[in-house]
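Structure record follows, encoded as structure tokens.
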Amino acid sequence: MERRASSPAGRARRPSLHVSLGTNMTTKTARSADVVSKIGGHVDALRRELVVFLQKLVQLPSLPGYEQKAQYFIADKLRSLGLVVDVVASELDELKDHPAFCDDGVPFRDRLNVVGRWRGSGKLPKSGIPRSLILNGHIDVVPTGSETLWSESPWSGAIREGQLYGRGSCDMKAGVTASIFALETLQSMGFRPAADVLLESVIGEESGGVGTLTTIVKGFKADAAIITEPTRLHLCPVQSGALTFRVKVAGRAMHACMKPYGVSAIEKFFLVLQSVQELERKRHIEYKNPLYEDPNNIAPVNFGTIRAGEWPSTVPDELIVEGRFGVLPGESTSAAREAMAAALASAAANDPWLKDHRPQLEWFEGQFESGQTAQDAPIVRTISEIHAKVFGSAPVVQGVTYGSDLRLFTNHGDTPAVLYGPGNIFDAHTVNEHVDLEEVLAATKVLAYIVTQWCGGDFE
Ligand SMILES: [Zn+2]
90 MERRASSPAG
100 RARRPSLHVS
110 LGTNMTTKTA
120 RSADVVSKIG
130 GHVDALRREL
140 VVFLQKLVQL
150 PSLPGYEQKA
160 QYFIADKLRS
170 LGLVVDVVAS
180 ELDELKDHPA
190 FCDDGVPFRD
200 RLNVVGRWRG
210 SGKLPKSGIP
220 RSLILNGHID
230 VVPTGSETLW
240 SESPWSGAIR
250 EGQLYGRGSC
260 DMKAGVTASI
270 FALETLQSMG
280 FRPAADVLLE
290 SVIGEESGGV
300 GTLTTIVKGF
310 KADAAIITEP
320 TRLHLCPVQS
330 GALTFRVKVA
340 GRAMHACMKP
350 YGVSAIEKFF
360 LVLQSVQELE
370 RKRHIEYKNP
380 LYEDPNNIAP
390 VNFGTIRAGE
400 WPSTVPDELI
410 VEGRFGVLPG
420 ESTSAAREAM
430 AAALASAAAN
440 DPWLKDHRPQ
450 LEWFEGQFES
460 GQTAQDAPIV
470 RTISEIHAKV
480 FGSAPVVQGV
490 TYGSDLRLFT
500 NHGDTPAVLY
510 GPGNIFDAHT
520 VNEHVDLEEV
530 LAATKVLAYI
540 VTQWCGGDFE
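If you use our numbering, the sequence shown closes out at 549, no skipped numbers anywhere.
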């Protein structure tokens, strides 16, 4: 995922596993407490296997375009669990006309996605109808940056003080591992779901989502999807979007000694910058969404690169900036683009030079929509209830400011989806990226319990 900017207050303690046994407990609660504690015991029994699996997965450097080994490793594991495994390649021809397709520039060669299907029994559960579930996670990781800054190799999978280190450990091989071991746990308990559980390990999430888009285009579908991104087990049904843009501002070159007779593109850009900052401020004042902890940081606009001028004593005649324009949840990408264009037009309208030399705006590369699942959607309610049962208090429900594959499920897959997984986004994409193993274990337990409650099914 894109790195999220948020307050350090986000570093709350991870939830501890908790099953409350109050005096007014009904038989049903007693039974669920029993199941939760049994799941806990079975996950603990698999702990070593789980940690070794995550370690090996981190040791496979699944950088964009090089995810194959990690994907075969996942596919083998899913086959060993008896799942029906499809290895599905992302093909440009199948995706290029899809409205959500972003070409991330990675060659379409062996871009493999893995989908494991645990077939449901189809038996009608005692309460309600069987509902199928997708557990989705991305296997691609972002580059390591300078390896010398890391305490050890980014592909070490080293464990120190309960933290497992390495690129992708937090974002999001821990989440993929928790999903897989949730299924293994249930199998070790003799559980068979009533409806299908699909485990999807996809590529290309960090650069635009071609992997999940492939699974949608190929027709893999369920009644809900959980993407186990590192949310610290906060429940996130809403994500902002992000659009990459480029703006060119023209000036007129002149020897610096004659500056008043030239036009500085840098100084003209300053007007553009002010106008866009004003727009960003207004958008946040007008938009209200209680799921975001910082009302001024829901759809930030960032100017990320800037190039201008070629000589200190020449008035610069061109400036090019590239940046990222946030899309508000519920806002269409076209509305967001229009808002940005209007801010440039307003800057131009108030300046005689810019009026005749309008800043040029173009949109390129990542164009991520926002996405949302209603807070009263069954999957959101189910996870909230189960989280409360397992950890003793309701989950933090919040929106996230980064782009993720959630939008593909909600906007193009007709599937309600949430982000909910182990790891802290503050530790993603960083030097010495790491994940807390206790939290991975906790996530495995809660995911296993979610499968039993969402999909229905029987223990032998
Ligand atoms: Zn991620």
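The C-beta atom is built at its ideal place from N, Cα and C for all residues, glycine as well. These numbers were taken from a predicted model, which means no experiment stands behind them.
Nearest candidate by alpha-carbon position, reference residue i, set the options
| i | options | result |
| --- | --- | --- |
| serine 151 | Asp199, Glu183 and Leu184 | Asp199 |
| proline 467 | Arg120, Val174, Ser179 and Ile218 | Ile218 |
| leucine 332 | Val125, Asp547, Ala425 and Ser473 | Ala425 |
| phenylalanine 515 | Ala164, Leu167, Leu213 and Ser258 | Ser258 |
| glutamate 356 | Cys346, Val404, Ser493 and Arg321 | Val404 |
| valine 231 | Ala267, Pro153 and Val327 | Pro153 |
| phenylalanine 270 | Val410, Leu135, His227 and Arg321 | Leu135 |
| histidine 187 | Val125, Thr301 and Trp207 | Thr301 |
| valine 365 | Tyr381, Val174, Ala430 and Ser493 | Ala430 |
| threonine 533 | Ser268, Gly545, Val124 and Arg120 | Ser268 |
| lysine 337 | Phe392, His518 and Cys544 | Phe392 |
| valine 132 | Ile305, Met278, Thr237 and Asn500 | Met278 |
| serine 329 | Gly415, Gly234, Leu184 and Ala517 | Gly415 |
| arginine 470 | Leu272, Cys325, Ile128 and Glu367 | Cys325 |
| leucine 322 | Arg120, Asp494, Gly488 and Ala437 | Gly488 |
| proline 389 | Glu522, Gly297, Leu417 and Leu508 | Leu417 |
| leucine 380 | Tyr254, Ala463 and Leu287 | Ala463 |
| serine 169 | Gln276, Ile305 and Ile472 | Gln276 |
| tyrosine 376 | Glu420, Thr304 and Glu318 | Glu420 |
| valine 286 | Glu156, Asn378 and Trp207 | Trp207 |
| glutamine 157 | Asn521, His227 and Ala477 | His227 |
| histidine 518 | Gly351, Ala159 and Thr233 | Thr233 |
| leucine 238 | Leu288, Glu522, Lys185 and Gly481 | Glu522 |
| aspartate 503 | Ile395, Thr304 and Gly130 | Thr304 |
| glutamine 461 | Thr266, Asn378 and Val485 | Asn378 |
| glutamine 252 | Val147, Gly293, Leu288 and Lys212 | Val147 |
| glycine 546 | Gly255, Leu272 and Glu236 | Leu272 |
| leucine 201 | Tyr155, Asp383 and Glu236 | Tyr155 |
Contact belief for residue i with residue j at Cβ below 8 Å, rounded distance in angstroms
| i | j | result |
| --- | --- | --- |
| tryptophan 452 | phenylalanine 334 | 5 Å |
| valine 177 | valine 204 | 6 Å |
| leucine 224 | alanine 313 | About 10 Å separates the two Cβ atoms, so there is no contact after all. |
| aspartate 406 | alanine 345 | About 12 Å; that fails the 8 Å criterion. |
| asparagine 386 | threonine 490 | 6 Å |
| serine 493 | isoleucine 316 | 6 Å |
| leucine 497 | glycine 298 | 5 Å |
| leucine 443 | alanine 436 | 6 Å |
| glutamate 295 | aspartate 229 | 5 Å |
| valine 306 | glutamate 183 | 6 Å |
| aspartate 440 | leucine 360 | 6 Å |
| histidine 501 | alanine 311 | That pair is no contact at about 14 Å. |
| proline 349 | aspartate 260 | 51 Å between Cβ atoms; not a contact. |
Below-8 Å beta-carbon distance, residue i vs any chain C residue
| i | result |
| --- | --- |
| alanine 477 | The structure shown contains no chain C, having only a single protein chain. |
Bridge partner(s) assigned by DSSP for residue i
| i | result |
| --- | --- |
| aspartate 175 | Val204 |
| threonine 303 | DSSP, once it has assigned bridges, lists no residue as partnering threonine 303. |
| isoleucine 409 | Lys337 and Arg396 |
| glycine 298 | None, per the DSSP bridge assignment. |
| tryptophan 452 | Phe334 |
| asparagine 391 | Arg413 |
| phenylalanine 548 | Phe280 |
| aspartate 525 | Gln252 |
| leucine 272 | DSSP lists no partner for leucine 272. |
| threonine 403 | His344 |
| valine 291 | His227 |
Closer than 7 Å: residue i CB and nearest ligand 3 heavy atom
| i | result |
| --- | --- |
| glutamate 156 | As presented, the structure is devoid of ligand 3, carrying ligand 1 as its sole ligands. |
Query - Three-pair Cβ contact test at 8 Å for the region 266-285 versus the region 530-546 - result: yes
Query raised in the report: In the region 306-389, which residue ranges form an unbroken beta strand (DSSP E) of at least 3 residues, counting only runs that do not cross its ends?
Result: 314-316, 324-328 and 330-339
Query raised in the report: Could you give the uninterrupted runs of the beta strand (DSSP E) lying entirely in the region 208-267, keeping only those of 3 residues or more?
Result: 222-227 and 252-254
**Report entry** Complete beta strand (DSSP E) runs within the region 456-518 (minimum length 3 residues, chain order)
**Finding:** 486-489 and 506-508
Query raised in the report: Taking one C-beta from the region 497-514 and one from the region 242-251 each time, how about it: are there three or more such pairs within less than 8 Å?
Result: no
Query raised in the report: Does the region 118-130 come close enough to the region 154-169 to have 3 or more Cβ pairs within less than 8 Å?
Result: no
**Report entry** Segment contact flag, the region 135-148 with the region 525-532, C-beta cutoff 8 Å, min 3 pairs
**Finding:** yes
Query raised in the report: Which runs of the alpha helix (DSSP H) spanning at least 4 residues fall entirely within the region 118-151, listed in chain order?
Result: 136-147
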